[in-house]
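One structure is given below, encoded as structure tokens.
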Amino acid sequence: MKNEDYLGNLELIIMLALIRLDDEAYGVSIAREIRRTVAYEIALGTIYAVLERLEQRRMVSSAVGESTPERGGRAKRYFRVTAKGMRKVNQTRRALAKLWQGLPQIEGGKA
Amino acid sequence: MTRHAPPIIATWVLSCFVGENEALIGDLIEEYRNGRSRLWYWKEVLIAVFRATVTELRAHWVLSLRLIVLLGAIQWCFGHWFVPLLWYLFGVLLRTPYWLPVACAFSFLLGWTVARLHRPHQAAVALLNSAMVFLAAAPGFCRLAEDALSNDRFRAYLYFDVVFTVLLCFSALLGGLWRSSNGIERKPKTPPTHAPLTPV
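Protein chains in written order, with my numbering: chain A, 3 to 113; chain B, 131 to 330.
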């Protein structure tokens with residue numbers, strides 16, 4: 003297995019946010035969703051850098067949307083998870099689930 | 131400036147580095163208008179600039195390496211040959227107050243030229259050039275700091291050197307960004323609203 007078969011922490015968080023937001027995933031909404039669900043503040047520049055990397059690996063696709071005056075006339079860029087991206091998310095989830103299994107030290111909140 | 135207008139300089143700097151990524155600029159403006167502070171805006175801009183530069187330089191590492199060697203050589207020649215020659219020829223003119231604008235102008239010109247010669251990666255190269263200027267000044271600065279710690283007489287020189295180094299780096303960056311911003315293709319800021327989704 004190559005390293006590319008699995009997603010990194012940040013990549014996985016962003017991919018899951020994309021899945022949760024479905025058709026409404028663009029920079030601001032992704033950052034808000036992550037902040038709302040896991041109270042984790044990620045810079046927009048970092049989100050875009052990760053999304054561009056994922057797009058190069060064909061796990062994410064993007065489309066230019068509408069522009070609004072409150073954005074200074076700049077268009078939004080909407081992102082969606084591709085079929086390949088969905089497969090990678092599942093692979094990563096299975097790998098993490100295997101690693102979590104049989105760890106009595108962590109069960110019940112004991113470190 | 132109204133509360134709703136994002137910091138102009140920060141937006142200009144960001145557009146120099148991520149000119150093609152209008153969505154990122156739009157996202158930052160949207161968040162700022164939703165109540166984020168100027169400090170937050172600047173922080174986000176600096177993170178985006180750093181990310182964009184690292185990505186650009188890593189993607190073109192051969193060019194980056196060549197540039198580091200070239201800039202190092204230019205700065206070495208400037209420090210070891212050009213400056214002593216100027217001192218020899220125009221010693222009086224090069225007393226500190228006069229020397230500062232000349233050095234800044236040279237630094238600006240160097241930044242502009244380097245950016246001009248690397249058109250596709252102008253902003254990233256401008257930042258690299260500025261970092262190289264800082265690194266070239268660092269050894270002298272460290273020596274002076276050491277002297278200032280042992281003798282108060284050198285403290286004034288140290289303060290001057292700090293200002294001098296910052297101005298040199300700023301001039302080099304400004305020269306590169308100036309060239310970079312002139313090279314950005316001007317696009318209409320308000321495309322038709324409710325446009326259908328088009329694949330990028």
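We put the beta carbon where it would ideally sit given N, CA and C, even for glycine.
7 Å Cβ cut-off: residues of chain B touching residue i
i, result
"T39 of chain A", "Those within 7 Å of T39 of chain A in chain B number zero; the least Cβ separation is about 18 Å."
"V30 of chain A", "D157, E160, E161"
"E72 of chain A", "E160, R163"
Interface flag, residue i vs chain B, CB-CB below 9 Å
i, result
"R59 of chain A", "no"
"K78 of chain A", "yes"
"Y2 of chain A", "Absent from the model: residue 2 of chain A. The displayed extent of chain A is 3 to 113, so no value can be given."
"A33 of chain A", "yes"
Residue i at chain A interface by Cβ criterion, 9 Å
i, result
"P231 of chain B", "no"
"G305 of chain B", "no"
"P136 of chain B", "yes"
"A140 of chain B", "no"
"R316 of chain B", "For R316 of chain B, the predicted model reports a pLDDT of 48, less than 50, meaning its position is unreliable; a value from the coordinates is still stated below. For R316 of chain B, the answer is no, since every Cβ of chain A falls outside 9 Å of its Cβ."
"C146 of chain B", "no"
"M131 of chain B", "For M131 of chain B, the predicted structure reports a pLDDT of 48, less than 50, and the residue's modelled location is therefore unreliable. A value from the coordinates is still provided. It does not: the Cβ of M131 of chain B has no partner Cβ on chain A nearer than 9 Å."
"T323 of chain B", "A caution first: T323 of chain B carries a pLDDT of 43, below 50, which makes its placement in the model unreliable, though a value can still be read off. Closer than 9 Å: yes."
Where residue i falls: helix, strand or coil (DSSP)
i, result
"S310 of chain B", "helix"
"Y80 of chain A", "strand"
"E13 of chain A", "helix"
"A266 of chain B", "helix"
"L105 of chain A", "coil"
"G149 of chain B", "coil"
"G165 of chain B", "coil"
"A256 of chain B", "helix"
"Y8 of chain A", "coil"
"P137 of chain B", "coil"
"H248 of chain B", "coil"
CA nearest to the CA of residue i, picked from the options
i, options, result
"W229 of chain B", "B:E186, B:W217, B:L307", "B:W217"
"L298 of chain B", "B:F238, B:R249, B:W242, B:N312", "B:F238"
"G67 of chain A", "A:R60, A:R82, A:K78", "A:K78"
"L20 of chain A", "A:L105, A:E35, A:N11", "A:E35"
"R82 of chain A", "A:Y42, A:N11, A:G29, A:S69", "A:G29"
"I16 of chain A", "A:K86, A:Q93, A:L56", "A:L56"
"V269 of chain B", "B:L176, B:V232, B:G209, B:F180", "According to the sequence displayed, residue 269 of chain B carries Pro and not Val. The shortest Cα separation from P269 of chain B among B:L176, B:V232, B:G209, B:F180 belongs to B:G209."
"A140 of chain B", "B:E152, B:E150, B:F147, B:V175", "B:V175"
"L257 of chain B", "B:C207, B:R273, B:A182", "B:A182"
"N11 of chain A", "A:Q107, A:R76, A:G74, A:T48", "A:T48"
"Y8 of chain A", "A:N92, A:Q103, A:I108", "A:N92"
"F204 of chain B", "B:P250, B:L307, B:T243, B:R163", "The amino acid occupying residue 204 of chain B in the given sequence is Ile; Phe does not appear at that position. Answer by Cα proximity: B:T243."
"A33 of chain A", "A:A45, A:E26, A:R22, A:D24", "A:A45"
"R188 of chain B", "B:S311, B:H251, B:R285", "B:H251"
"N259 of chain B", "B:S311, B:L197, B:W206", "B:L197"
"L240 of chain B", "B:A302, B:R168, B:D291", "B:A302"
"M262 of chain B", "B:V292, B:L200, B:F294, B:E186", "B:L200"
"V292 of chain B", "B:D157, B:G305, B:C272", "B:C272"
Residue i: contacting residues in chain A (beta-carbon distance under 8 Å)
i, result
"E150 of chain B", "The premise fails here: E150 of chain B is roughly 11 Å from chain A at the closest Cβ pair, so nothing lies under 8 Å."
"R196 of chain B", "By Cβ distance, chain A contributes nothing, its closest Cβ being about 25 Å from R196 of chain B, past 8 Å."
"A153 of chain B", "Y28, G29, Y50, V66, R76, A77, K78, R79"
Partner residues on chain A for residue i, Cβ-Cβ distance less than 7 Å
i, result
"R181 of chain B", "G47, T48, A51"
"E174 of chain B", "A45, L46, G47"
Within chain A, the residues that residue i reaches when beta carbons sit closer than 9 Å
i, result
"A178 of chain B", "A45, L46, G47, T48, Y50, A51"
"T185 of chain B", "A51, E54, R55"
Below-9 Å beta-carbon distance, residue i vs any chain C residue
i, result
"V66 of chain A", "Among the chains of the structure shown, chain C does not appear; the protein chains present are A and B."
Taking only runs that begin and end inside the segment 20 to 99 of chain A, name each unbroken alpha helix (DSSP H) of 4 or more residues, in chain order. 29 to 40, 46 to 58
Runs of alpha helix (DSSP H) lying entirely within the segment 181 to 212 of chain B, each at least 4 residues, in chain order: 191 to 207
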